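Undergrad: In the numbering used here, the protein residues as written are 1 to 168.
Here it is, the structure, as structure tokens.
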């Protein structure tokens, strides 16, 4: 059997899609972080699964081992990733003008900067750094801090497509 790369297969998968784990049953896709697939179980426990579909298990003795079986499939009845099709989700683009004073936001000034946390103050038209934070910093990029973006804090990772209102 060919080695699978779930990070490649799921790279365009929308957050929230249901998958199947033989160990946990139905799980929700949470995204790809640090070359691992994040899924959430029904009790809000998060798991990270390797690109090959297997998972590192840690015993109470702190001894770890890799699962012998793939831990993530398209569904209970569909165990073949080559037959799975990524759901197409059409979302409108995020409009930064919807931000309100004191909204929690992530900000940075260039594509190579790290995302930092702040509070939104206001938007200024026709400025190179159009967003002001509550601490009077002017920034170029500003997106909401939420469940879909919280993993970006302290990284220079690309934002989910929905939040990319800018052209680089």
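Backbone N, C-alpha and C define an ideal beta-carbon position, used for all residues, glycine too.
Note that the coordinates shown come from a computational prediction; the quantities given were computed from them, not determined experimentally.
(1) Could you give the distance in angstroms between the alpha-carbon of residue 64 and the alpha-carbon of residue 55?
(2) Using the Cα positions of residue 28 and residue 97, report the straight-line distance between them to the nearest angstrom.
(3) State the start and end residues of the unbroken beta strand (DSSP E) segment that holds residue 32.
(4) Assign residue 58 to one of two classes, buried (16 or more other C-beta atoms within 10 Å of its C-beta) or exposed (fewer than that).
(5) Compare the beta carbon distance of residue 76 and residue 166 with 8 Å and say whether it is the shorter of the two.
(6) Grab me the residues of residue 7's own chain with a C-beta within less than 7 Å of its C-beta, minus the 5 sequence neighbours each way, in chain order.
(7) Kindly indicate which three-state DSSP category residue 162 falls into: helix, strand or coil?
(8) Return yes when at least one heavy atom of the ligand MG lies under 7 Å from the C-beta of residue 121, else no.
(9) Return the chain-ordered list of same chain residues with a C-beta closer than 7 Å to the C-beta of residue 15, the five sequence neighbours on each side being excluded.
(10) Please classify residue 142: is it buried, with 16 or more other beta-carbons within 10 angstroms of its beta-carbon, or exposed?
(11) Look up residue 83 in the DSSP assignment and say whether it is helix, strand or coil.
(12) Where do the ends of the beta strand (DSSP E) carrying residue 8 lie?
(13) Under a three-way DSSP split, which group does residue 169 fall into?
(14) In the DSSP assignment, find the unbroken beta strand (DSSP E) run with residue 104 in it and report its ends.
(15) What would DSSP say about residue 45, mapped onto helix, strand or coil?
(16) Using DSSP's beta-bridge definition, name the partner residues of residue 39.
TA: This is what the structure holds:
(1) 10 Å
(2) 30 Å
(3) 25 to 33
(4) exposed
(5) no
(6) 32, 35, 37 and 51
(7) helix
(8) The ligand MG is absent from the structure shown, which contains no ligands of any kind.
(9) 29, 30, 31 and 148
(10) buried
(11) helix
(12) It is not in any beta strand (DSSP E) - residue 8 instead sits in the alpha helix (DSSP H) that spans 6 to 9.
(13) For the chain, the structure presents residues 1 to 168; residue 169 sits outside this window and is missing.
(14) 104 to 108
(15) coil
(16) 29 and 47
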